[in-house]
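A.B. asks: Dropping the structure in here first, questions after.
Protein chains: 2
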Amino acid sequence: MPTDTNEAPWEVVEQLVASRDAAGLSDYLDDLGPSETARAISRLDETCRNDLLILLDPRDAAEVIEDVSDAQAVELIEDLPADRAASIVDQMPSDEQADLLGDLDEEDAEEILREMTPDEARTVRVLMTYEPDSAGGIMVTEYLRYGQNATVEDVTRDLAQHREQYARYDIQYIYVIDDASRLVGVLPLRELLFAPHAAPLRELMITDPLSVPATASLEDLENFFDQYDLFGVSVVDAGRQLVGVVLRSDVEEAAADRTTRQVLGLSGIVGGEELRSMPVMVRSGRRLSWLSINVVLNLVAAGVIAAYQDTLEAAIALAVFLPMISDMSGCSGNQAVAVSMRELTLGLIRPNELLRVMLKEASVGLINGIALGLLLGGLAMLWKSNPWLGVVVGGALAVNTVVAVTMGGLLPLLLKRLRLDPALVSGPILTTITDMCGFFIVLSMATTMIEKL
Amino acid sequence: MPTDTNEAPWEVVEQLVASRDAAGLSDYLDDLGPSETARAISRLDETCRNDLLILLDPRDAAEVIEDVSDAQAVELIEDLPADRAASIVDQMPSDEQADLLGDLDEEDAEEILREMTPDEARTVRVLMTYEPDSAGGIMVTEYLRYGQNATVEDVTRDLAQHREQYARYDIQYIYVIDDASRLVGVLPLRELLFAPHAAPLRELMITDPLSVPATASLEDLENFFDQYDLFGVSVVDAGRQLVGVVLRSDVEEAAADRTTRQVLGLSGIVGGEELRSMPVMVRSGRRLSWLSINVVLNLVAAGVIAAYQDTLEAAIALAVFLPMISDMSGCSGNQAVAVSMRELTLGLIRPNELLRVMLKEASVGLINGIALGLLLGGLAMLWKSNPWLGVVVGGALAVNTVVAVTMGGLLPLLLKRLRLDPALVSGPILTTITDMCGFFIVLSMATTMIEKL
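Heads up: the sequence lines are chains F and D, in that order. Residue 453 is where the first sequence ends in our numbering, and the numbering goes up by one at each step. Residue 453 is where the second sequence ends in our numbering, and the numbering goes up by one at each step.
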C-alpha cells in the first residue's frame with residue numbers, strides 16, 4: 001500500500017489499524033523488520049496496540065510478539081483478553097511460550113493456559129517447571145527423534161514428508177531413543193548420506209552420547225560448550241528420558257541476557273527491564289523502591305558527619321572534601337567490584353577464595369591510595385597553604401581507598417555465598433561502608449589535630 | 001597419572017611442568033575442562049606458564065589458548081618467543097587467530113605473522129582488516145562451498161573424504177559459487193538426501209540467497225537474525241564474492257562481549273578486561289588513569305562548595321547533607337543512563353530523539369524528586385526542628401533529581417552522537433554535572449535565607 005515516506009512507521013501502523021486493514025498491516029510489519037517493529041509498537045497507545053493484536057491473525061500477531069523485547073511482549077499480552085492471548089501464544093515455539101508465560105503474573109498465565117490448546121498447554125506447563133536459566137528452561141522441544149529400530153529409509157521419508165515443518169529446526173543431529181524414550185544414541189544428519197537405506201539407526205548411531213541433565217545451570221552449559229565443539233546437546237531428565245535439546249546459540253543468548261540484567265542491576269534498575277513505553281507510575285515506583293533503600297543507607301553514613309559537626313565547624317575547609325572522598329572511594333571500590341564479578345562469571349575465582357582476592361586487591365588499593373592521596377593531599381595543602389589539611393585529606397583518602405578497593409573485591413564473593421545478587425546489592429552496601437569509613441577517618445583525624453587546621 | 005586429590009589443579013600442573021611430562025600434562029588438562037584450565041593457568045607464575053606452552057605440542061597448546069579468556073590468551077602469547085607463538089596460533093581456527101592477533105600490540109602481531117605458515121598468515125591478514133564487531137570480523141572461514149556445476153555425487157564424495165575435518169564445521173547449508181567465486185545459491189544440506197546423484201547443484205539450489213556485506217555491523221547482524229530464523233548467513237565482499245559465513249551463535253557471543261565491555265566500562269575498568277593474574281602495576285595504572293580524570297572532575301564540583309564556605313560555616317548542618325545530595329542524584333541519574341543505553345541497544349530510541357527522552361524522563365524525575373525531596377526534607381526538618389532546613393535540603397534534592405534524571409536520560413544519546421562510548425563516559429560527566437548543580441542549588445538557597453537556618 002502506498003504510504004507517505006515522511007510518515008513515521010508508527011503513524012502508518014496507526015492508520016492501518018484505524019482502517020482495519022489486516023492484510024496491509026501484516027505486509028507492512030513484515031517489511032519493517034523486528035527492530036523497527038519493536039520501535040513502532042513502543043510508540044502506540046494502549047488501545048491501538050490492543051486493536052493491532054486483535055486485528056492481525058494469531059500467527060502474524062505471534063510474529064510481532066517474537067519481534068519485540070521480552071518486557072514489551074509481557075506488556076502486550078497482559079493487556080489482551082485471555083482467549084485472544086492464548087490463540088497468539090499457541091502459535092509460538094515452545095521455549096518462547098514458557099519464557100513469556102513465566103514472565104507474566106501467575107494468575108494471568110493460568111488464565112491463558114486454560115484457554116490454550118490442551119496439548120500446547122501441557123508442554124508449556126512442563127517447561128515452566130524448570131528454572132529459566134537451566135538446561136530445562138533453555139532447551140527447545142523442536143528436534144528430530146527416532147526409535148533405534150527406525151531405518152535410514154524411515155528417517156529420510158519422514159524428513160521429506162515434514163520438510164516445511166523441519167525447515168525451522170536446527171538440525172545437525174538426529175537423536176535416537178529406546179522404547180522407554182531413553183536417549184541411546186545420536187547420529188550426525190550428514191551420516192545419512194553415506195548409509196545403506198535399510199540400515200537401522202542403532203547400527204549407525206554413536207552410542208553413549210553426551211547429554212546434560214535438565215537441571216544443569218547456565219554456567220554448566222557454558223562450560224559444556226566451551227569444552228565440546230558442538231552446536232547442541234541433548235537434555236535428559238532424572239530417568240535418562242530425552243526431554244529436549246539445548247542449542248549453543250540459545251546458551252549464548254541466555255548468557256547475554258544475564259549480563260544485561262547485571263548492567264541494569266548495577267545501575268539500580270530492579271524488577272526486570274524498564275522501557276519508556278511503560279506507565280510513568282510503574283517506572284517511578286520501581287526506581288523509587290531502590291532509591292529509598294539508598295536514602296536510608298546514606299543517612300547512616302551522614303550520621304558520622306553529624307557526630308563531628310563541631311570539628312567540621314572549626315575546620316570548614318574539610319566540608320569541601322567530604323563529597324570528594326565519598327565519590328572517589330566509591331569509584332575505586334566499584335572497579336574492584338567489576339573485576340570480582342567478571343572473574344566469578346569466568347570461573348577464575350570461587351566465592352570462598354577471600355584471602356587471594358583480599359591480597360590481590362589490597363596491593364592495588366595501596367598503590368592507588370598512595371597516588372590519589374598524594375594528589376588530593378597536595379592540592380588541599382596548596383589551596384589553604386596548610387600542610388596539616390593536606391595530611392588529613394590525603395591520608396584519609398589513601399586509607400579509605402585501600403578499604404574501598406579491598407571491600408569492593410570481597411563483596412561480590414560474600415554476596416554470592418549469601419545467595420544475593422552482587423550486581424544489585426554491591427553498590428549500595430559498598431557506598432555505605434566506604435562513606436562511613438571515609439567520613440570517620442577524615443573527621444576523627446581532624447579532631448585530634450584540630451588546632452592545626 | 002595418579003594425583004593427590006587434595007592438591008589444587010595448578011599444583012598438579014606445576015609438578016607436571018617441572019617433571020617435563022608433556023603427555024601427562026596434555027591428558028590432565030583435557031580432563032580438567034576449560035573453566036578449570038583457565039583458573040589453573042591464572043594461578044601459575046610467568047615462567048611456569050611459558051614452560052607449559054613450550055612443553056605442550058602446538059596443537060595442545062592451541063587448545064589451552066582457546067580455553068582461556070581473551071585477556072588471558074593475550075598475556076600467554078605475548079610472553080612467548082615469536083616462533084613458538086606462531087606455531088601455536090597456526091593451529092587455531094581462522095576467526096580466533098584474527099581476534100587474538102588483533103588484541104596484541106601491532107609489533108608483536110607482525111612478528112608472529114612473519115613466523116606463521118604463509119597460507120595461514122595470508123588468511124589472517126585479510127580477516128584482520130575487518131572491524132572486530134563487523135560481519136567480516138565475526139565470520140568463520142570454515143564452511144562448505146562448491147561450484148554450481150558440482151553434482152550431488154561430487155559433494156557426497158567430498159563430504160565422505162573430509163569427514164574428520166568437516167566434523168567441526170557448523171553445517172546446515174552448502175554455499176554455491178560461480179566461476180568468479182560469487183555467491184549464486186545455497187542448499188540446505190538435508191536436501192542432498194532427496195536429490196538424484198547426478199543433479200548439478202545449480203538445479204537444486206535456492207537462487208538469490210540472503211547474504212550480508214562484510215562491513216555489516218553487529219547491530220545489523222542482530223537485526224538480521226531477529227528477522228530471519230536462520231543459523232548462519234553468508235558474507236560477501238563488495239564484488240559479491242563469498243568470503244565467509246556468520247553463525248547465529250557467534251553473533252550472540254559478540255553481543256555478549258559487547259555487554260560485558262559495557263559492564264566493565266560503567267564501573268571504570270578501561271583498556272579491556274582486567275584479570276588478577278596481571279601484574280599489579282598494570283592493574284593499578286589502568287584503574288588510576290580513569291580515577292585521575294574523576295579527581296579533576298570532582299575538584300570542579302568541590303569548587304562550588306568552596307565558593308560558599310561562609311554559608312556553610314553559618315549553617316553547618318548543611319554539610320551533613322551535601323554528600324547525600326551528591327550520592328542520591330548520582331543514583332537517580334544512573335538509572336536513567338541505564339534505561340537509555342538499553343533502549344539504544346534494542347533500537348527503541350535513536351540518538352536524535354532527545355525531546356521524547358527528555359519528556360519521558362522529566363516526568364519520572366519530577367515524581368521521584370518530589371518523593372525523595374519530601375522524605376529527606378522531612379527528616380532534616382525533624383532533626384533540627386527547623387522547617388527552613390527541610391525546605392532547603394528537600395527542595396534542592398527535588399530540583400536536582402529532575403536535573404539528574406533528565407541529564408542521565410539524554411547523556412547516552414548525546415555521547416552516541418559524538419561517537420563516544422556512553423558506558424565509559426556517562427558516569428563521570430553525570431556525577432560532575434549533578435554534583436555542581438546540587439551543591440549550587442542547596443548552597444545558594446541557603447545563602448538567601450541564611451538567617452533562618
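The C-beta atom is built at its ideal place from N, Cα and C for all residues, glycine as well. Here the structure is a predicted model, which is why all the values come from computation and not from measurement.
If you measure from the beta carbon of Cys437 of chain F to each beta carbon in chain D, is any gap under 8 Å?
C.D. replies: no
A.B. asks: What is the rounded straight-line gap between the Cα of Val320 of chain D and the Cα of Leu411 of chain D?
C.D. replies: 29 Å
A.B. asks: Identify every run of the alpha helix (DSSP H) within the region 192 to 267 of chain F, keeping only runs that are complete inside it and at least 4 residues long; order them along the chain.
C.D. replies: 201 to 204, 218 to 227 and 248 to 266
A.B. asks: Could you name the residues that DSSP lists as bridge partners for Thr151 of chain F?
C.D. replies: F:Pro200
A.B. asks: Name the chain D residues whose beta carbon is nearer than 8 Å to that of Thr431 of chain F?
C.D. replies: Under the 8 Å cutoff, chain D gives Asp327.
A.B. asks: DSSP on Ser181 of chain F, reduced to helix/strand/coil?
C.D. replies: coil
A.B. asks: If you follow the alpha helix (DSSP H) that Glu353 of chain D is in, where does it begin and where does it stop?
C.D. replies: Glu353 of chain D -> no alpha helix (DSSP H), and no H or E assigned at all.
A.B. asks: Less than 6 Å between C-beta atoms, sequence neighbours within five positions excluded: which residues of the same chain meet that for Ile77 of chain F?
C.D. replies: Same-chain partners within the cutoff: Ala85.
A.B. asks: Got a sec: is the Cβ-Cβ distance from Gly268 of chain F to anything in chain D below 8 Å?
C.D. replies: With 8 Å as the cut-off, Gly268 of chain F counts as an interface residue toward chain D.
A.B. asks: Ala301 of chain D and Thr432 of chain D: beta carbons closer than 8 Å?
C.D. replies: yes
A.B. asks: Would the beta-carbon of Gly239 of chain F fall within 8 Å of that of Thr141 of chain F?
C.D. replies: no
A.B. asks: Starting from the beta carbon of Ser332 of chain D, find every residue of chain F whose beta carbon is closer than 8 Å, and list them in chain order.
C.D. replies: Correct list: Arg287 and Leu291.
A.B. asks: With 16 other CB atoms within 10 Å as the buried threshold, where does Arg190 of chain D fall?
C.D. replies: buried
A.B. asks: Since Ile174 of chain F sits in a beta bridge, which residues does DSSP pair it with?
C.D. replies: F:Leu187
A.B. asks: For the region 325 to 340 of chain F and the region 287 to 307 of chain D, state whether three or more C-beta atom pairs, one from each stretch, are separated by less than 8 Å.
C.D. replies: Short answer: they touch.
A.B. asks: Applying the criterion that 16 or more other CB atoms from any shown protein chain within 10 Å of the CB defines a buried residue, is Met1 of chain F buried or exposed?
C.D. replies: Caution is warranted here: a pLDDT of 45 is assigned to Met1 of chain F, below 50, making its placement in the model unreliable, and no coordinate value can be reported.
A.B. asks: Please tell me whether Val391 of chain D has its Cβ less than 8 Å away from any Cβ of chain F.
C.D. replies: no
A.B. asks: Which same chain residues end up closer than 6 Å to Asp65 of chain D when comparing Cβ atoms and leaving out the 5 residues on each side of it in sequence?
C.D. replies: One point to set straight first is that residue 65 of chain D is Ile, not Asp, in the sequence displayed. So the qualifying residues of the chain are Ala73.
A.B. asks: Taking Leu410 of chain F as part of the alpha helix (DSSP H), name the residues at either end of that continuous run.
C.D. replies: Pro387 to Arg417
A.B. asks: Any Cβ of chain F within less than 8 Å of the Cβ of Met1 of chain D?
C.D. replies: Because the pLDDT at Met1 of chain D is just 45, under 50, the model does not fix this residue reliably, and the point stays unresolved.
A.B. asks: For Tyr166 of chain F, does the three-state DSSP call read helix, strand or coil?
C.D. replies: helix
A.B. asks: How far does the alpha helix (DSSP H) with Gly427 of chain D in it reach, from first residue to last?
C.D. replies: Pro422 to Thr448 is the extent of the alpha helix (DSSP H) around Gly427 of chain D.
A.B. asks: My output table needs one value for Tyr308 of chain F: the three-state DSSP class, helix, strand or coil.
C.D. replies: coil
A.B. asks: Cα-Cα, which of D:Glu153, D:Asp435 and D:Glu252 is closest to Phe194 of chain D?
C.D. replies: D:Glu153
A.B. asks: Give me, in chain order, the residues of the same chain whose beta-carbon lies closer than 6 Å to that of Gly481 of chain D; leave out the 5 immediate sequence neighbours on both sides.
C.D. replies: There is simply no residue 481 of chain D to check, as chain D begins at 1 and stops at 453 in what is shown.
A.B. asks: So Tyr175 of chain F and Leu242 of chain F are in contact, right, with Cβ under 8 Å, and what is the actual spacing, rounded?
C.D. replies: 6 Å
A.B. asks: Using a 10 Å radius around the Cβ and a threshold of 16 neighbouring Cβ atoms, would you call Thr406 of chain D buried or exposed?
C.D. replies: buried
A.B. asks: Just to confirm, are Val364 of chain F and Arg287 of chain D a CB contact at a threshold of 8 Å?
C.D. replies: yes
A.B. asks: Excluding the 5 residues preceding and the 5 following Phe224 of chain D in the sequence, name in chain order all residues of the same chain whose CB lies nearer than 7 Å to its CB.
C.D. replies: Val212 and Val233
A.B. asks: Considering only the beta carbon of each residue, do Arg258 of chain F and Phe231 of chain F sit closer than 8 Å?
C.D. replies: When the beta-carbon positions are compared, Arg258 of chain F and Phe231 of chain F stay at least 8 Å from each other.
A.B. asks: Per the contact definition of three or more C-beta pairs closer than 8 Å, is the region 103 to 113 of chain F in contact with the region 143 to 151 of chain F?
C.D. replies: Short answer: they don't touch.
A.B. asks: Give me the Cα-Cα distance between Glu353 of chain D and Val403 of chain D, rounded to the nearest whole angstrom.
C.D. replies: 18 Å
A.B. asks: Using a threshold of 8 Å, state whether the C-beta atoms of Asp226 of chain F and Asp220 of chain D are closer than that.
C.D. replies: no
A.B. asks: Please decide whether Pro34 of chain D counts as near chain F, where near means a Cβ-Cβ distance under 8 Å.
C.D. replies: Chain F, which has a Cβ nearer than 8 Å to the Cβ of Pro34 of chain D, makes this yes.
A.B. asks: Tell me where the alpha helix (DSSP H) around Gln91 of chain F begins and ends.
C.D. replies: Premise fails: Gln91 of chain F is in no alpha helix (DSSP H) and is neither H nor E.
A.B. asks: When burial is assigned at 16 or more other CB atoms within 10 Å of the CB, is Gln165 of chain D buried or exposed?
C.D. replies: Gln165 of chain D comes out exposed.
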